[in-house]
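Input: a single structure, listed below in C-alpha coordinates.
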Amino acid sequence: MRAREHAYFLQWAERRCGHSIGRPRGPVGRRLGCAVNPVSRTGTCSPSRRTCVQCRPKESFVTVPRYLRPALVVPAVLAGLVVPGSSGAWAQEVPAVPAVVRSAAGSDQVAATGQDGHGQADPASLSRGTWVASGGRWYYRTPDGASATGWVQDSGSWYYLDSTGAMVTGWLPSGGSWYYLGASGAMVTGWLQIGSQWYFLDSTGAMVTGWLPSNGSWYWLGASGAMVTGTVQIQGQWSGFTSSGAWTGYLNGWVLDGWTYTRYVDGVATASQTLRPVMTAPTASRDVLIATMTSAYAASGCSYPAWALTAGGAGTPQEFFAMVYDEAVAEGVSPELLFAQVMKETGWLQFTGDVAVEQFNFGGIGATGGGAAGNWFPDVRTGLRAQVQHLRAYADPQVTPGALAHAVVDPRFAYVRKGSASYVQYLGIQENPSRAGWAAARHYGMDLVDMINQYF
70 MRAREHAYFL QWAERRCGHS IGRPRGPVGR RLGCAVNPVS RTGTCSPSRR TCVQCRPKES
130 FVTVPRYLRP ALVVPAVLAG LVVPGSSGAW AQEVPAVPAV VRSAAGSDQV AATGQDGHGQ
190 ADPASLSRGT WVASGGRWYY RTPDGASATG WVQDSGSWYY LDSTGAMVTG WLPSGGSWYY
250 LGASGAMVTG WLQIGSQWYF LDSTGAMVTG WLPSNGSWYW LGASGAMVTG TVQIQGQWSG
310 FTSSGAWTGY LNGWVLDGWT YTRYVDGVAT ASQTLRPVMT APTASRDVLI ATMTSAYAAS
370 GCSYPAWALT AGGAGTPQEF FAMVYDEAVA EGVSPELLFA QVMKETGWLQ FTGDVAVEQF
430 NFGGIGATGG GAAGNWFPDV RTGLRAQVQH LRAYADPQVT PGALAHAVVD PRFAYVRKGS
490 ASYVQYLGIQ ENPSRAGWAA ARHYGMDLVD MINQYF
(Lines of atoms letter the chains of each structure in order from A and count residues from 1; the text may use other names and numbers.)
(Lines give C-alpha, C1' and ligand atoms only; values in the text may rest on other atoms or scores of the structure.)
Protein backbone atom coordinates (compact mmCIF):
# COMPACT_ATOMS: atom_id res chain seq x y z
CA MET A 1 0.00 0.00 0.00
CA ARG A 2 2.88 2.34 0.82
CA ALA A 3 4.41 1.94 -2.65
CA ARG A 4 1.00 2.46 -4.31
CA GLU A 5 0.43 5.68 -2.41
CA HIS A 6 3.89 6.90 -3.37
CA ALA A 7 3.18 6.14 -7.02
CA TYR A 8 -0.05 8.10 -6.86
CA PHE A 9 1.87 11.04 -5.39
CA LEU A 10 4.37 11.01 -8.22
CA GLN A 11 1.59 10.92 -10.82
CA TRP A 12 -0.21 13.79 -9.19
CA ALA A 13 2.94 15.91 -8.68
CA GLU A 14 3.99 15.48 -12.28
CA ARG A 15 0.55 16.57 -13.52
CA ARG A 16 0.29 19.43 -11.05
CA CYS A 17 3.82 20.84 -11.13
CA GLY A 18 4.64 20.12 -14.76
CA HIS A 19 7.92 18.54 -13.67
CA SER A 20 9.35 15.29 -14.94
CA ILE A 21 9.86 13.47 -11.71
CA GLY A 22 11.83 10.26 -11.75
CA ARG A 23 10.74 7.23 -9.84
CA PRO A 24 12.67 6.53 -6.67
CA ARG A 25 15.27 3.89 -6.80
CA GLY A 26 15.32 3.29 -3.09
CA PRO A 27 12.88 3.09 -0.19
CA VAL A 28 10.27 5.74 0.37
CA GLY A 29 11.87 8.78 1.88
CA ARG A 30 14.75 9.06 -0.60
CA ARG A 31 15.12 12.56 -2.01
CA LEU A 32 13.96 12.95 -5.61
CA GLY A 33 15.11 15.57 -8.07
CA CYS A 34 12.70 17.64 -10.19
CA ALA A 35 13.33 18.58 -13.79
CA VAL A 36 13.11 22.15 -15.12
CA ASN A 37 10.20 24.07 -13.59
CA PRO A 38 7.69 25.63 -16.07
CA VAL A 39 8.20 28.94 -14.30
CA SER A 40 12.00 28.62 -14.62
CA ARG A 41 12.57 27.51 -11.10
CA THR A 42 14.14 24.36 -9.78
CA GLY A 43 13.18 22.50 -6.71
CA THR A 44 13.13 19.22 -4.96
CA CYS A 45 10.24 16.82 -4.39
CA SER A 46 10.60 15.01 -1.11
CA PRO A 47 8.22 12.15 -0.33
CA SER A 48 9.62 11.97 3.19
CA ARG A 49 8.44 15.56 3.86
CA ARG A 50 5.38 14.99 1.70
CA THR A 51 5.61 18.49 0.28
CA CYS A 52 6.64 19.78 -3.09
CA VAL A 53 9.20 22.38 -2.07
CA GLN A 54 9.76 25.51 -4.26
CA CYS A 55 7.86 24.09 -7.24
CA ARG A 56 5.04 26.66 -6.81
CA PRO A 57 6.31 28.94 -4.06
CA LYS A 58 3.41 31.42 -4.42
CA GLU A 59 0.75 28.87 -3.51
CA SER A 60 -0.08 27.43 -0.11
CA PHE A 61 0.63 23.87 0.84
CA VAL A 62 -1.87 21.81 2.76
CA THR A 63 -2.19 18.21 3.78
CA VAL A 64 -4.68 15.66 2.53
CA PRO A 65 -5.97 12.96 4.89
CA ARG A 66 -4.52 9.54 4.35
CA TYR A 67 -8.05 8.12 4.11
CA LEU A 68 -8.75 10.06 0.91
CA ARG A 69 -7.99 8.16 -2.29
CA PRO A 70 -6.82 9.95 -5.45
CA ALA A 71 -10.33 9.65 -6.94
CA LEU A 72 -11.57 11.92 -4.15
CA VAL A 73 -8.54 14.17 -4.07
CA VAL A 74 -8.79 15.28 -7.70
CA PRO A 75 -12.38 16.66 -7.50
CA ALA A 76 -11.40 18.61 -4.40
CA VAL A 77 -8.48 20.18 -6.21
CA LEU A 78 -10.56 21.00 -9.26
CA ALA A 79 -13.21 22.62 -7.09
CA GLY A 80 -10.57 24.88 -5.57
CA LEU A 81 -11.52 23.81 -2.05
CA VAL A 82 -9.47 22.56 0.83
CA VAL A 83 -10.03 19.44 2.87
CA PRO A 84 -8.98 19.35 6.53
CA GLY A 85 -5.62 17.65 6.90
CA SER A 86 -4.04 15.42 9.51
CA SER A 87 -0.50 14.81 10.58
CA GLY A 88 1.48 12.42 8.40
CA ALA A 89 -0.87 12.58 5.40
CA TRP A 90 0.14 13.09 1.79
CA ALA A 91 0.66 16.68 0.69
CA GLN A 92 -1.18 18.56 -2.05
CA GLU A 93 -0.45 21.95 -3.50
CA VAL A 94 -3.86 23.72 -3.40
CA PRO A 95 -4.67 27.46 -3.20
CA ALA A 96 -6.27 28.31 0.16
CA VAL A 97 -9.98 29.27 0.10
CA PRO A 98 -10.67 31.92 2.78
CA ALA A 99 -14.28 31.01 3.67
CA VAL A 100 -16.30 30.13 6.74
CA VAL A 101 -19.12 27.67 6.28
CA ARG A 102 -22.12 27.43 8.59
CA SER A 103 -24.14 24.26 8.78
CA ALA A 104 -27.86 24.12 8.09
CA ALA A 105 -28.38 24.01 11.85
CA GLY A 106 -26.78 27.44 12.06
CA SER A 107 -23.48 26.65 13.82
CA ASP A 108 -20.06 27.38 12.36
CA GLN A 109 -18.35 24.22 11.16
CA VAL A 110 -14.88 25.71 10.82
CA ALA A 111 -13.32 29.13 11.12
CA ALA A 112 -10.91 30.36 8.45
CA THR A 113 -7.33 30.35 9.72
CA GLY A 114 -4.92 31.75 7.17
CA GLN A 115 -3.37 31.39 3.79
CA ASP A 116 -2.45 27.78 4.36
CA GLY A 117 -6.15 26.94 4.31
CA HIS A 118 -5.85 24.64 7.32
CA GLY A 119 -9.12 24.02 9.15
CA GLN A 120 -11.55 24.91 6.36
CA ALA A 121 -14.82 23.13 5.67
CA ASP A 122 -15.40 19.89 3.86
CA PRO A 123 -16.21 20.91 0.26
CA ALA A 124 -18.97 18.33 0.06
CA SER A 125 -21.00 20.34 2.61
CA LEU A 126 -21.18 23.28 0.22
CA SER A 127 -23.03 21.16 -2.31
CA ARG A 128 -25.82 20.30 0.12
CA GLY A 129 -27.25 23.82 0.79
CA THR A 130 -25.29 25.67 3.45
CA TRP A 131 -24.62 29.07 4.96
CA VAL A 132 -21.45 30.87 3.92
CA ALA A 133 -19.94 33.97 5.56
CA SER A 134 -18.26 36.52 3.34
CA GLY A 135 -17.39 40.13 3.99
CA GLY A 136 -19.13 40.13 7.35
CA ARG A 137 -22.46 38.95 5.87
CA TRP A 138 -24.12 35.54 5.66
CA TYR A 139 -25.28 33.97 2.40
CA TYR A 140 -27.21 30.79 1.73
CA ARG A 141 -25.90 28.53 -1.02
CA THR A 142 -28.57 26.25 -2.49
CA PRO A 143 -27.86 22.59 -3.32
CA ASP A 144 -27.07 23.55 -6.91
CA GLY A 145 -24.47 26.05 -5.71
CA ALA A 146 -26.50 29.21 -6.42
CA SER A 147 -26.81 32.03 -3.86
CA ALA A 148 -30.42 32.20 -2.63
CA THR A 149 -32.53 35.38 -2.34
CA GLY A 150 -35.89 36.04 -0.68
CA TRP A 151 -37.39 33.74 1.93
CA VAL A 152 -35.50 30.54 2.76
CA GLN A 153 -36.56 27.84 5.22
CA ASP A 154 -33.75 26.02 6.94
CA SER A 155 -34.03 23.51 9.80
CA GLY A 156 -37.53 24.68 10.70
CA SER A 157 -36.71 28.41 10.71
CA TRP A 158 -37.31 31.07 8.09
CA TYR A 159 -34.65 33.48 6.89
CA TYR A 160 -34.67 36.32 4.39
CA LEU A 161 -31.90 37.06 1.89
CA ASP A 162 -31.85 40.45 0.16
CA SER A 163 -31.31 41.01 -3.56
CA THR A 164 -27.56 40.49 -3.11
CA GLY A 165 -28.17 37.24 -1.26
CA ALA A 166 -27.10 38.68 2.10
CA MET A 167 -29.05 37.54 5.17
CA VAL A 168 -31.27 40.23 6.73
CA THR A 169 -31.64 40.90 10.47
CA GLY A 170 -33.99 43.26 12.31
CA TRP A 171 -37.29 44.61 10.97
CA LEU A 172 -38.27 43.58 7.46
CA PRO A 173 -41.24 44.90 5.45
CA SER A 174 -42.52 42.18 3.15
CA GLY A 175 -45.84 41.65 1.39
CA GLY A 176 -47.58 44.44 3.29
CA SER A 177 -46.55 43.14 6.72
CA TRP A 178 -43.61 43.62 9.05
CA TYR A 179 -41.43 40.75 10.18
CA TYR A 180 -38.59 40.59 12.68
CA LEU A 181 -35.46 38.57 12.04
CA GLY A 182 -33.29 37.99 15.09
CA ALA A 183 -29.52 38.26 15.40
CA SER A 184 -29.21 34.75 13.95
CA GLY A 185 -31.42 35.79 11.04
CA ALA A 186 -34.24 33.46 12.09
CA MET A 187 -37.76 34.89 11.84
CA VAL A 188 -39.37 35.54 15.24
CA THR A 189 -42.91 34.55 16.26
CA GLY A 190 -44.81 35.26 19.48
CA TRP A 191 -43.95 38.03 21.95
CA LEU A 192 -40.84 40.06 21.21
CA GLN A 193 -39.22 42.72 23.41
CA ILE A 194 -37.06 45.39 21.80
CA GLY A 195 -35.77 47.88 24.34
CA SER A 196 -38.74 48.78 26.55
CA GLN A 197 -41.35 47.96 23.88
CA TRP A 198 -43.21 44.71 23.35
CA TYR A 199 -44.46 43.41 19.99
CA PHE A 200 -46.33 40.32 18.90
CA LEU A 201 -45.60 38.34 15.73
CA ASP A 202 -48.21 35.80 14.67
CA SER A 203 -47.51 32.22 13.58
CA THR A 204 -46.57 33.46 10.10
CA GLY A 205 -44.15 35.98 11.60
CA ALA A 206 -46.28 39.00 10.65
CA MET A 207 -46.39 41.81 13.22
CA VAL A 208 -49.83 42.20 14.83
CA THR A 209 -51.62 45.53 15.35
CA GLY A 210 -54.94 46.22 17.06
CA TRP A 211 -56.64 43.96 19.60
CA LEU A 212 -54.85 40.75 20.54
CA PRO A 213 -56.24 37.98 22.79
CA SER A 214 -53.40 36.21 24.57
CA ASN A 215 -53.34 33.93 27.62
CA GLY A 216 -56.81 34.96 28.76
CA SER A 217 -56.25 38.72 28.47
CA TRP A 218 -56.69 41.34 25.78
CA TYR A 219 -53.87 43.57 24.59
CA TRP A 220 -53.81 46.56 22.28
CA LEU A 221 -50.92 46.90 19.83
CA GLY A 222 -50.72 50.33 18.24
CA ALA A 223 -50.07 51.22 14.62
CA SER A 224 -46.34 50.74 15.22
CA GLY A 225 -47.03 47.31 16.70
CA ALA A 226 -45.94 48.40 20.19
CA MET A 227 -48.05 47.17 23.11
CA VAL A 228 -49.73 49.96 25.08
CA THR A 229 -50.02 50.43 28.85
CA GLY A 230 -51.81 52.96 31.04
CA THR A 231 -54.77 54.98 29.76
CA VAL A 232 -55.25 54.97 25.99
CA GLN A 233 -58.00 56.19 23.67
CA ILE A 234 -58.94 53.55 21.10
CA GLN A 235 -61.51 54.28 18.43
CA GLY A 236 -63.07 57.06 20.47
CA GLN A 237 -63.21 55.14 23.75
CA TRP A 238 -60.74 55.32 26.62
CA SER A 239 -59.42 52.09 28.07
CA GLY A 240 -57.13 51.17 30.91
CA PHE A 241 -54.20 48.75 30.63
CA THR A 242 -51.93 47.32 33.31
CA SER A 243 -48.17 47.77 33.26
CA SER A 244 -47.99 44.32 31.61
CA GLY A 245 -50.38 45.47 28.88
CA ALA A 246 -53.51 43.56 29.96
CA TRP A 247 -56.76 45.42 29.28
CA THR A 248 -58.68 46.34 32.45
CA GLY A 249 -61.79 47.57 30.63
CA TYR A 250 -63.31 50.82 29.44
CA LEU A 251 -62.88 53.75 31.79
CA ASN A 252 -65.84 54.63 33.96
CA GLY A 253 -66.14 57.34 36.58
CA TRP A 254 -63.58 60.01 37.36
CA VAL A 255 -59.98 59.57 36.24
CA LEU A 256 -57.17 61.97 37.15
CA ASP A 257 -54.70 62.93 34.44
CA GLY A 258 -52.23 65.54 35.61
CA TRP A 259 -54.27 68.37 37.12
CA THR A 260 -57.56 67.41 35.48
CA TYR A 261 -60.20 64.89 36.41
CA THR A 262 -62.27 63.47 33.56
CA ARG A 263 -65.51 61.57 33.98
CA TYR A 264 -66.03 58.59 31.66
CA VAL A 265 -69.02 56.46 30.80
CA ASP A 266 -67.97 53.24 29.03
CA GLY A 267 -64.79 54.89 27.85
CA VAL A 268 -66.42 58.10 26.60
CA ALA A 269 -65.49 61.37 28.34
CA THR A 270 -68.60 63.20 29.53
CA ALA A 271 -67.19 65.86 31.89
CA SER A 272 -63.96 67.22 33.31
CA GLN A 273 -62.82 69.37 36.21
CA THR A 274 -59.50 70.81 37.25
CA LEU A 275 -58.18 70.12 40.74
CA ARG A 276 -59.69 72.83 42.93
CA PRO A 277 -57.95 73.98 46.14
CA VAL A 278 -59.92 73.90 49.38
CA MET A 279 -58.33 77.16 50.46
CA THR A 280 -58.85 79.81 47.80
CA ALA A 281 -60.23 83.33 47.47
CA PRO A 282 -63.92 83.95 46.74
CA THR A 283 -64.90 84.14 43.08
CA ALA A 284 -67.00 87.27 43.66
CA SER A 285 -67.81 89.91 46.25
CA ARG A 286 -69.61 89.15 49.50
CA ASP A 287 -72.93 90.58 48.37
CA VAL A 288 -72.80 88.82 45.00
CA LEU A 289 -72.00 85.45 46.51
CA ILE A 290 -74.67 85.72 49.22
CA ALA A 291 -77.21 86.57 46.53
CA THR A 292 -76.01 83.69 44.38
CA MET A 293 -76.33 81.24 47.27
CA THR A 294 -79.82 82.50 48.11
CA SER A 295 -80.89 82.16 44.48
CA ALA A 296 -79.46 78.64 44.21
CA TYR A 297 -81.29 77.58 47.35
CA ALA A 298 -84.58 78.95 46.05
CA ALA A 299 -84.06 77.06 42.77
CA SER A 300 -83.70 73.79 44.70
CA GLY A 301 -87.39 73.94 45.60
CA CYS A 302 -86.66 73.10 49.22
CA SER A 303 -88.32 74.91 52.11
CA TYR A 304 -85.99 76.78 54.44
CA PRO A 305 -86.33 75.37 58.03
CA ALA A 306 -86.78 78.74 59.69
CA TRP A 307 -88.61 77.13 62.60
CA ALA A 308 -85.37 75.44 63.69
CA LEU A 309 -82.62 77.75 62.44
CA THR A 310 -84.15 80.93 63.85
CA ALA A 311 -83.25 79.64 67.30
CA GLY A 312 -79.68 79.27 66.09
CA GLY A 313 -79.45 82.84 64.83
CA ALA A 314 -80.30 82.41 61.13
CA GLY A 315 -83.99 83.06 60.62
CA THR A 316 -83.70 83.65 56.86
CA PRO A 317 -81.70 82.16 53.99
CA GLN A 318 -79.85 85.48 53.58
CA GLU A 319 -78.75 85.44 57.25
CA PHE A 320 -77.65 81.83 56.94
CA PHE A 321 -75.58 82.37 53.78
CA ALA A 322 -74.00 85.52 55.21
CA MET A 323 -72.63 83.34 58.03
CA VAL A 324 -71.43 80.80 55.46
CA TYR A 325 -69.45 83.47 53.62
CA ASP A 326 -67.97 85.14 56.71
CA GLU A 327 -66.84 81.96 58.48
CA ALA A 328 -65.22 80.53 55.34
CA VAL A 329 -63.34 83.69 54.39
CA ALA A 330 -62.06 84.11 57.96
CA GLU A 331 -60.04 80.87 57.63
CA GLY A 332 -59.14 81.28 53.95
CA VAL A 333 -61.49 78.50 52.90
CA SER A 334 -63.54 78.83 49.71
CA PRO A 335 -67.07 80.07 50.61
CA GLU A 336 -68.37 78.37 47.46
CA LEU A 337 -67.04 75.06 48.80
CA LEU A 338 -68.64 75.55 52.21
CA PHE A 339 -72.00 76.29 50.58
CA ALA A 340 -71.79 73.18 48.38
CA GLN A 341 -70.76 70.92 51.26
CA VAL A 342 -73.53 72.18 53.57
CA MET A 343 -76.13 71.58 50.88
CA LYS A 344 -74.76 68.10 50.09
CA GLU A 345 -74.43 66.97 53.72
CA THR A 346 -77.87 68.22 54.82
CA GLY A 347 -79.85 67.63 51.65
CA TRP A 348 -80.44 71.34 51.14
CA LEU A 349 -81.08 71.83 54.88
CA GLN A 350 -83.73 69.09 54.99
CA PHE A 351 -81.67 66.82 57.34
CA THR A 352 -83.07 63.46 56.24
CA GLY A 353 -80.17 61.41 57.66
CA ASP A 354 -78.83 60.62 61.13
CA VAL A 355 -78.13 64.27 61.98
CA ALA A 356 -81.04 66.47 63.12
CA VAL A 357 -81.45 70.12 62.20
CA GLU A 358 -81.45 71.10 65.88
CA GLN A 359 -77.82 69.90 66.21
CA PHE A 360 -76.61 72.78 64.02
CA ASN A 361 -74.12 70.29 62.58
CA PHE A 362 -74.03 71.11 58.88
CA GLY A 363 -71.07 68.92 57.91
CA GLY A 364 -71.92 65.63 59.57
CA ILE A 365 -68.99 65.99 61.98
CA GLY A 366 -68.85 62.89 64.17
CA ALA A 367 -71.71 61.21 62.30
CA THR A 368 -70.06 57.93 61.38
CA GLY A 369 -73.18 56.10 60.20
CA GLY A 370 -75.24 53.35 61.69
CA GLY A 371 -77.45 55.83 63.52
CA ALA A 372 -74.60 57.84 65.07
CA ALA A 373 -75.90 61.42 65.14
CA GLY A 374 -72.54 63.12 65.54
CA ASN A 375 -71.71 66.31 67.39
CA TRP A 376 -74.03 69.05 68.66
CA PHE A 377 -73.29 72.77 68.49
CA PRO A 378 -74.94 75.67 70.35
CA ASP A 379 -75.90 77.73 67.31
CA VAL A 380 -75.65 78.04 63.53
CA ARG A 381 -72.43 80.09 63.50
CA THR A 382 -70.58 77.70 65.81
CA GLY A 383 -71.63 74.74 63.72
CA LEU A 384 -70.42 76.42 60.52
CA ARG A 385 -67.15 77.52 62.22
CA ALA A 386 -66.39 73.97 63.33
CA GLN A 387 -66.95 72.76 59.77
CA VAL A 388 -64.62 75.42 58.34
CA GLN A 389 -61.90 74.58 60.87
CA HIS A 390 -62.21 70.93 59.91
CA LEU A 391 -61.81 71.84 56.22
CA ARG A 392 -58.73 73.93 56.92
CA ALA A 393 -57.20 71.09 58.92
CA TYR A 394 -57.47 68.87 55.83
CA ALA A 395 -56.13 71.55 53.49
CA ASP A 396 -53.34 73.24 55.48
CA PRO A 397 -50.34 71.10 56.47
CA GLN A 398 -49.01 73.88 58.72
CA VAL A 399 -52.19 74.74 60.60
CA THR A 400 -52.21 74.71 64.40
CA PRO A 401 -54.91 75.75 66.86
CA GLY A 402 -53.04 79.00 67.38
CA ALA A 403 -53.03 79.73 63.64
CA LEU A 404 -56.81 79.67 63.39
CA ALA A 405 -58.82 82.89 63.18
CA HIS A 406 -60.97 81.77 66.10
CA ALA A 407 -60.61 79.43 69.02
CA VAL A 408 -60.98 75.77 68.13
CA VAL A 409 -64.60 74.59 68.24
CA ASP A 410 -64.13 71.54 66.00
CA PRO A 411 -64.10 68.55 68.38
CA ARG A 412 -62.21 66.45 65.82
CA PHE A 413 -59.60 69.01 64.77
CA ALA A 414 -56.78 67.13 66.50
CA TYR A 415 -57.60 63.88 64.70
CA VAL A 416 -57.27 65.21 61.16
CA ARG A 417 -54.10 64.38 59.23
CA LYS A 418 -53.09 67.94 58.47
CA GLY A 419 -52.75 68.79 54.77
CA SER A 420 -53.94 65.38 53.58
CA ALA A 421 -56.69 66.81 51.34
CA SER A 422 -55.59 70.14 49.94
CA TYR A 423 -57.91 69.80 46.92
CA VAL A 424 -61.67 69.57 47.02
CA GLN A 425 -61.60 66.35 44.98
CA TYR A 426 -59.37 64.77 47.64
CA LEU A 427 -62.03 65.22 50.34
CA GLY A 428 -63.34 61.92 48.99
CA ILE A 429 -61.30 59.15 50.58
CA GLN A 430 -61.53 56.87 47.53
CA GLU A 431 -60.02 59.50 45.23
CA ASN A 432 -57.41 60.79 47.68
CA PRO A 433 -53.91 59.41 46.94
CA SER A 434 -53.20 59.30 50.70
CA ARG A 435 -56.53 57.54 51.37
CA ALA A 436 -57.59 60.24 53.82
CA GLY A 437 -60.48 62.65 53.53
CA TRP A 438 -63.84 63.84 54.73
CA ALA A 439 -66.14 61.11 53.42
CA ALA A 440 -65.88 57.56 52.14
CA ALA A 441 -68.53 57.95 49.46
CA ARG A 442 -67.22 57.46 45.95
CA HIS A 443 -66.61 60.70 44.02
CA TYR A 444 -67.54 62.77 47.06
CA GLY A 445 -65.12 65.57 46.18
CA MET A 446 -66.04 65.53 42.50
CA ASP A 447 -69.70 65.99 43.41
CA LEU A 448 -68.79 69.08 45.43
CA VAL A 449 -66.83 70.57 42.52
CA ASP A 450 -69.75 69.83 40.19
CA MET A 451 -72.03 71.81 42.50
CA ILE A 452 -69.56 74.70 42.68
CA ASN A 453 -69.27 74.79 38.89
CA GLN A 454 -73.03 74.63 38.55
CA TYR A 455 -73.93 77.52 40.85
CA PHE A 456 -70.92 79.85 40.76
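Heads up, the sequence shown is in the working numbering, so the first residue is 70 and it goes up one at a time. Here a beta-carbon is modelled for each residue, glycine too, at the ideal position from N, C-alpha and C. Only a predicted model underlies this, so the values are computations on that prediction, with no experimental measurement involved.
Please classify Asn444 as buried or exposed, where buried requires at least 16 neighbouring CB atoms within 10 angstroms. buried
Using the rule of at least 16 other Cβ atoms within 10 Å of the residue's Cβ for burial, across every protein chain shown, is Asp271 buried or exposed? exposed
Assign Tyr248 to one of three DSSP states: helix, strand, or coil. strand
Within the present structure, is the beta-carbon of Gly204 separated from the nearest heavy atom of the ligand MG by less than 6 Å? Ligands are entirely absent from the displayed structure, and the ligand MG is therefore not among its contents.
Tell me which residue opens and which closes the alpha helix (DSSP H) that Trp376 is part of. 375-378
Using three-state DSSP, classify Ile303 as helix, strand or coil. strand
Sort Ala509, Thr361, Trp507, Trp328 by Cα distance to Gln387 and report the nearest one. Thr361
Comparing alpha-carbon positions, which option in Leu281, Val426, Ala353, Trp287 lies nearest Phe446? Val426
Collapsed DSSP secondary structure at Thr437 in the structure displayed: coil
How should Ser585 be labelled, buried or exposed, when 16 other C-beta atoms within 10 angstroms of its C-beta is the threshold for buried? Look at the range of the chain in this structure, 70 to 525, and you will see that residue 585 is not part of it.
Cut-off 6 Å between Cβ atoms - residues of its own chain near Ala397, not counting five sequence neighbours on either side: Pro404, Leu407, Val457
Local Cβ density within 10 Å of Asn284, reported as buried at 16 or more and exposed below that: exposed
Under the three-state reduction of DSSP, which class applies to Gly279: helix, strand or coil? strand
Whose CA, out of Thr339, Gln494, Ala375, lies closest to the CA of Gln306? Thr339
Arg481 in three-state terms, based on DSSP: coil
Closest by C-alpha distance to Thr205, when choosing among Gly234, Ser369, Ala391: Looking at the sequence itself, residue 205 is Gly, so the reference to Thr does not match. When each option's Cα is compared against that of Gly205, the closest is Gly234.
Three-state class that DSSP yields for Arg504 in the structure shown: coil
Could you say which of Gly245, Met256, Gly214, Asp213 lies nearest to Ser224 if we only look at CA atoms? Met256
Within 10 angstroms of its Cβ, does Ser308 collect 16 or more other Cβ (buried), or is it exposed? buried
Going by beta carbon distance, what residues of the same chain come within less than 6 Å of Gly401, once the five residues before and after it are set aside? Met348
Okay, do the segment 486-504 and the segment 417-432 touch, 3+ Cβ pairs below 8 Å being the bar? no
Considering Cα atoms alone, identify which of Val301, Gly274, Phe269, Ala292 is closest to Pro282. Phe269
Since Trp316 sits in a beta bridge, which residues does DSSP pair it with? Phe310
What residue range is occupied by the uninterrupted beta strand (DSSP E) comprising Ser203? 199-203
Determine whether the beta carbon atoms of Met515 and Gln494 lie at a separation below 7 Å. yes
Answer with buried or exposed for Val357, where buried requires no fewer than 16 other C-beta atoms within 10 angstroms of its C-beta. exposed
Asp286, enclosing alpha helix (DSSP H) - first and last residue: One detail in the question is off: residue 286 reads as Ser in this sequence, not Asp. Taken as a continuous stretch (DSSP letters only), Ser286 belongs to no alpha helix (DSSP H), being part of the beta strand (DSSP E) at 286-290.
Backbone CA spacing between Gly506 and Ala464 [nearest angstrom]: 10 Å
Given a cut-off of 7 Å, decide if Gln342 and Tyr330 are closer than it, judged by their beta-carbon atoms. yes
Where Gly219 falls: helix, strand or coil (DSSP): strand
Provide the residue(s) that pair with Thr329 in DSSP beta bridges, ordered along the chain. Asp326, Thr343
From the DSSP output, read off the bridge partner residues of Tyr209. Trp200
For Thr298 and Ala508, the rounded distance between their alpha carbons: 31 Å
Count the CB pairs spanning the segment 447-455 and the segment 469-488 that are closer than 8 Å, and state whether there are at least three. yes
Straight-line gap, Val301 to Leu496 (C-alpha atoms, nearest Å): 27 Å
What does DSSP give as the partner residues of Met296 in its beta bridges? Leu290
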